Amino acid sequence: MNNELLLIASVVVIIIMVINYNRRKHISQTYQKNKNKIATAVSLLQEYLSAKEYFNHNKLISWQKEYSELAKLFPYSTDNLPLAKNDKEKLKIFMEYVQHCALLRNSHNEDFVKSEIEANEKLFDNIEKYPLTYKQREAIVTDEDNNLIIAGAGTGKTSTLIGKVIYLIKVKNVDPDDILVLTFTKNAAMEVQQRINEKSNYEMDIKTFHKFGLDIIAEVEDAKPSLLFDSADEGLENYLHSIHKNLMRDNNYAKIIAEFFLSYLKPYQNTEIFNDKGEYLKSLKSNKTLKGELCKSHEEVEIANFLYVNDIEYEYEKEYEFQTATKEFLQYKPDFYLPKYGIYIEHFGIIDKEGNVPHWFSQKGSKSAKQSYNDSIIWKRGIHKEKETSLVETFSYEKSEGELLPNLKKRLLKHGVNFNTHAQIIKKFEDNNEFPQFIRLIITFLNLAKSNGFTTTKLLSNAKENDLKREIKFLEIFDKYYTTYQKKLTDENKIDFSDMLVKATKYVKESKYVSFYEYILIDEFQDMSIGRYQLISSLLNQNINQRLFAVGDDWQSIYRFTGSEISIITEFEKYFGFTKRVDLDTTFRLTPKVCEITQEFILKNEKQLKKNLNSTKKADDGVELFWYEKNIEKFSYDYVRYELSHALNDCLDKICSASTETKKEVFIIGRYNFDKPAFLNSMKSNYPNLKLRFLTAHASKGLEADNVILINVNAGKYGFPSEIADDPILLLVLKLKDEIENAEERRLFYVAMTRTRNKLYILS
């Protein structure tokens with residue numbers, strides 16, 4: 001038995017020895033077969049690591065793709081391999097390179113950036129009036145495949161872009177014709193062009209996306225296409241107003257749009273979404289009637305507006321004509337009274353036909369909230385019956401069912417109440433400045449829909465599937481504008497900006513246009529749209545050796561209404577692949593206090609990129625609040641105007657007393673053009689030592705002043721933040737859904753706040 005076991009063990013040992021021998025022999029043969037390839041791999045990586053240039057990610061990926069499979073043929077440890085000592089060493093180096101090549105690349109690039117910055121110190125000291133910061137220099141010499149430069153307010157964004165151009169030409173010897181610099185506006189293109197010309201002798205053609213797209217089409221078609229409107233929205237806005245005027249001849253359209261304005265102009269907030277009464281009352285502050293009144297529910301605002309646009313005189317919460325007050329109860333005040341018809345309207349807040357009330361309604365004594373509220377309904381009905389006064393009732397659940405105003409109209413008709421036509425109703429909304437904002441919403445939706453590739457058919461189908469009543473009504477209206485607009489494009493053989501981007505991208509993808517650029521530099525990258533992204537992406541896909549250098553600030557992304565998609569910068573790597581991000585973290589404009597406050601404010605939105613801005617200033621002027629509109633609904637327009645004037649004078653007096661410097665520039669920034677103070681000219685005369693200038697928040701982008709005053713910082717449709725701008729309807733055509741309320745308006749407010757070099761005044 002022992003002999004048999006010994007024999008078996010001997011056989012096993014022999015088999016293992018044979019296997020090891022064959023394995024070692026195979027490894028030796030494999031090495032000899034691939035010896036030259038291994039040597040080439042080592043030599044190539046050493047060349048990359050010793051070169052006096054940036055080792056970009058594409059080179060690394062290419063090297064790994066070529067040699068990583070080869071490394072799998074060998075064990076990591078080479079000590080016991082049947083190879084000559086020299087061969088073992090070569091294989092060991094190769095295996096270590098495969099395992100650590102990414103770390104070696106990072107180490108090389110860190111050393112390169114430091115040495116390159118030192119070698120070009122004189123250049124970077126003199127590119128602009130003041131020497132560039134270390135981060136600006138780092139951004140310029142970094143030569144990754146995709147480079148994202150996050151440039152906060154006042155950090156020298158344009159200086160960095162110009163520095164990159166001059167560095168590429170002077171140091172890297174790149175032909176200026178091989179550098180494509182893209183901007184979003186003609187003014188920005190002219191500024192970059194002028195500043196490059198001032199610092200060098202190079203004539204460069206800085207292009208807007210508009211011009212670049214047209215150039216691509218012209219090169220392929222031998223003729224530039226005609227655009228229906230230029231990149232500005234003014235022509236489109238006027239045209240959409242004319243479409244509306246023509247559509248109003250159609251009774252069906254007039255009916256649909258009147259219904260939208262009456263019931264769906266503002267998103268409805270169901271009472272059940274609120275946690276408590278305080279939260280609900282807070283939501284009412286921004287929801288005034290067309291007459292400027294505050295009501296106690298969103299449905300009451302809708303009813304008030306319905307009466308107003310139908311020219312039905314009403315009084316809100318007028319004391320009941322008969323005495324009802326007791327020691328325990330105040331005088332009864334029905335919700336609405338129609339003096340011409342002697343009709344009272346009561347809107348009851350029950351949320352279903354079973355008489356249930358919102359969960360946050362208060363319990364009274366031993367009675368439940370439901371019982372107390374329904375008892376009050378019975379009491380009110382009894383009072384009207386006893387006094388023989390006319391009562392018309394409406395209920396909260398009717399709003400949820402989409403029947404609030406139709407039912408109210410039916411009930412009032414029975415009492416002989418007269419109503420306006422649909423055209424007359426829309427005219428009332430037009431006179432109250434509601435319609436221009438609606439047209440702006442149409443423009444925003446149109447730009448986003450075309451830019452992001454949505455069709456009205458698909459959008460309407462999705463809305464109906466999800467029973468989105470407000471969205472369905474809007475899309476029914478939008479489709480009429482869209483159809484008319486597209487027909488005009490076809491009839492006149494013209495294209496719009498979105499069409500132009502699609503066509504240019506198509507020609508690039510089909511290689512009818514071939515990019516010869518080595519570098520693509522993009523300014524204000526936060527304003528990228530899906531259409532622009534697709535054009536740039538198709539250019540980069542033609543040649544993996546092209547480099548992308550994008551400069552922007554997601555905190556200042558404020559052009560969603562033109563189609564910009566913020567996720568392209570916040571999720572840059574997802575769109576473009578491996579990216580090196582450099583944050584310009586030194587602001588020359590903001591004081592430490594303003595820097596701190598604005599930073600904390602913008603980062604309430606967790607989707608914004610995190611970065612820390614540091615101020616170069618020692619002075620610590622901060623933010624000062626002025627309250628001038630408390631209880632505004634109780635005061636006249638002239639009184640509020642007086643209060644605003646007084647608050648502005650206080651601000652300007654403080655600015656004057658803080659410095660003896662003459663002609664200090666002061667921006668007065670509002671959300672809309674109509675925020676411009678009517679007394680601004682007289683104010684300029686009263687403060688000759690100040691250079692006063694009114695700007696909208698959008699117009700202030702890219703500018704700065706000694707001091708900034710923000711006005712009309714109030715909740716509401718036309719306040720700041722504006723509730724029109726961030727309409728939830730836009731979520732239908734946005735790729736990325738901002739999860740925080742008023743996200744775009746928050747960024748716009750940040751832009752307005754960060755225009756100041758010293759103190760910021762906020763008037764509310």
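To convert, note that position 763 of the sequence shown is 763 in this note's numbering; the numbers rise steadily by one, no gaps.
Where is the CB? At the ideal position from N, CA and C, for every residue including glycine.
Keep in mind that this is a model prediction, so the values were computed, not measured.
Among the options, the one whose alpha carbon lies nearest that of residue i
i      : options                        : result
Lys167 : Leu148, Lys207, Asn126         : Lys is not the amino acid found at residue 167; the sequence shown has Tyr there. That would be Asn126, whose Cα lies nearest to the Cα of Tyr167.
Cys651 : Ser764, Pro721, Tyr559, Leu548 : Ser764
Ile669 : Lys691, Tyr687, Ala699         : Ala699
Ile655 : Glu624, Thr158, His244         : Glu624
Ile442 : Thr562, Leu227, Asp620         : Thr562
Ser200 : Phe474, Leu123, Glu661         : Leu123
Lys245 : Ser498, Lys296, Tyr513, Thr484 : Thr484
Lys157 : Gln556, Leu459, Lys617         : Gln556
Glu354 : Tyr397, Leu262, Thr155         : Tyr397
Pro677 : Phe626, Tyr687, Ser645, Val594 : Ser645
Leu539 : Ser529, Tyr519, Phe525         : Tyr519
Phe348 : Glu393, Asn58, Glu144, Pro267  : Glu393
Lys480 : Asp250, Lys509, Glu492, Lys367 : Asp250
Gln331 : Asp675, Arg105, Tyr320         : Tyr320
Lys333 : Phe306, Gln371, Leu391         : Leu391
Lys607 : Glu313, Glu643, Ile243, Asp554 : Asp554
Ile597 : Ile425, Gly402, Thr756, Tyr316 : Thr756
Glu401 : Tyr264, Lys370, Glu600, Lys414 : Tyr264
Val417 : Asn432, Tyr344, Trp379, Glu430 : Tyr344
Phe435 : Lys410, Arg747, Leu240, Asn420 : Leu240
Distance CB(residue i)-CB(residue j) smaller than 9 Å
i      : j      : result
Val551 : Lys135 : no
Thr505 : Gln542 : no
Ala254 : Leu584 : no
Phe474 : Ile729 : yes
Met204 : Val165 : yes
Ile477 : Ile257 : yes
Val733 : Phe445 : yes
Pro773 : Arg440 : Since the displayed the chain opens at 1 and closes at 764, residue 773 lies outside it and no answer follows.
Phe546 : Tyr575 : According to the sequence shown, residue 546 is Gln rather than Phe. No, they are not a contact pair.
Leu49  : His108 : yes
Thr155 : Thr662 : no
Phe184 : Arg105 : no
Leu609 : Ala153 : no
Inter-residue Cα distance where the pair is residue i and residue j
i      : j      : result
Arg693 : Phe395 : 50 Å
Lys211 : Ala619 : 43 Å
Tyr750 : Met683 : 26 Å
Glu633 : Ile351 : Confidence in Glu633 is poor, its pLDDT being 43 and thus under 50, which makes the residue's placement unreliable; the coordinate value appears in the next sentence. Their backbone Cα atoms lie some 29 Å apart in a straight line.
Leu710 : Leu408 : 42 Å
Asn781 : Asp311 : Residue 781 lies beyond the range of the chain shown here (1 to 764); nothing can be said about it.
Asn712 : Lys296 : 24 Å
Tyr761 : Asp621 : 11 Å
Lys387 : Phe260 : 38 Å
Arg560 : Ser498 : 14 Å
Glu198 : Asn612 : 32 Å
Gly781 : Thr696 : With the chain covering only 1 through 764, there is no way to say anything about residue 781.
Leu412 : Asp375 : 25 Å
Phe549 : Leu148 : 6 Å
Tyr639 : Asn649 : Here the model assigns Tyr639 a pLDDT of 48, short of 50, so the residue's position is not dependable, and the following value carries that caveat. Distance between the alpha carbons of Tyr639 and Asn649 is about 15 Å.
Ile117 : Leu521 : 20 Å
Lys494 : Asn605 : 40 Å
Val192 : Met528 : 18 Å
Asn356 : Leu448 : 41 Å
Thr570 : Asn452 : 17 Å
For residue j and residue i, believed in contact at Cβ under 8 Å, the rounded distance
i      : j      : result
Asn758 : Asn707 : 5 Å
Arg671 : Gly702 : Actually they do not touch by this definition, with Cβ atoms about 17 Å apart.
Glu302 : Leu405 : 7 Å
Phe578 : Asp111 : Phe578 to Asp111, Cβ: 20 Å. No contact.
Asn305 : Leu262 : 7 Å
Open item on the list: As an exercise, report each continuous beta strand (DSSP E) stretch of at least 3 residues that is fully enclosed by the segment 543–627, in chain order.
Closed with: Correct list: 547–552, 580–584, 623–626.
Task: alpha helix (DSSP H) runs contained entirely in the segment 31–71, provided each spans 4 or more residues - done: Listed in chain order, the complete alpha helix (DSSP H) runs (minimum 4 residues) inside the segment 31–71 are 57–71.
Task: Secondary structure, beta strand (DSSP E): runs of 3+ residues fully inside the segment 88–166 - done: Runs of beta strand (DSSP E) with 3 or more residues, each lying fully within the segment 88–166, are found at 146–151, listed in chain order.
Open item on the list: For a minimum of 3 consecutive residues, which ranges assigned as the beta strand (DSSP E) are wholly contained in the segment 646–681?
Closed with: 664–670
TODO: Run through the segment 402–476 for me and flag every whole beta strand (DSSP E) of 3 or more residues, listed as ranges in chain order.
DONE: none
Open item on the list: At 4 residues or longer, what runs of the alpha helix (DSSP H) sit wholly inside the segment 351–400?
Closed with: 369–387, 396–400
TODO: Taking only runs that begin and end inside the segment 276–342, name each unbroken beta strand (DSSP E) of 3 or more residues, in chain order.
DONE: 336–338
Task: Completely contained beta strand (DSSP E) runs for the segment 156–238, where each covers 3 or more residues - done: 179–183
Task: Length at least 3, wholly inside the segment 680–708: the beta strand (DSSP E) runs in chain order - done: 690–696
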